[in-house]
Amino acid sequence: MDAAARVTLCIPAALRMHCAGADQLSLDATSVRAALAAAGARHASLSQYILTRDGQLRPFVKVFVRNQDVRDLDGLDTRLVDGDEVLIVPSVAGG
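Numbering (the working numbering), first residue to last: 11 to 105.
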């Protein structure tokens with residue numbers, strides 16, 4: 011079993027109300043999925059804006075690790091290493 015990495019989850023302004031106003035969360039996680047689960051365990055309402063009911067990324071939410079969209083890597087199973095920043099980018103609709 012891999013040791014968890016110390017990572018930073020960067021919270022966009024639109025979602026900060028769901029994590030007590032925090033712009034970053036420091037987490038221990040082995041993968042993007044584990045990081046999002048840890049964040050959801052701390053702040054229950056946050057997950058519903060990032061993940062679907064079946065645990066997949068919402069279609070218009072992007073998550074980046076090492077400047078790459080995780081959909082171009084191993085999706086939610088993308089492995090994390092110490093110091094990684096996981097950046098959440100929700101869609102912004104205009105009108």
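Ideal placement from N, C-alpha and C gives every residue a C-beta, glycine not left out.
Look at the Cβ atom of Asp-38, then the Cβ atom of Arg-52, and state whether they are nearer than 7 Å. no
By DSSP's criteria, Ala-39 is part of a beta bridge. Which residues make up the other side? Ala-15
Based on Cα-Cα distance, which residue from Ser-101, Leu-61, Asp-92, Gly-93 lies nearest to Gly-85? Leu-61
What residue does the beta strand (DSSP E) around Leu-97 start on, and which one ends it? 95–100
Just reading off the beta strand (DSSP E) that Phe-74 is part of, what are its end residues? Counting along the chain, Phe-74 sits inside the beta strand (DSSP E) bounded by residues 71–75.
Just to confirm, are Leu-97 and Phe-70 a CB contact at a threshold of 7 Å? no
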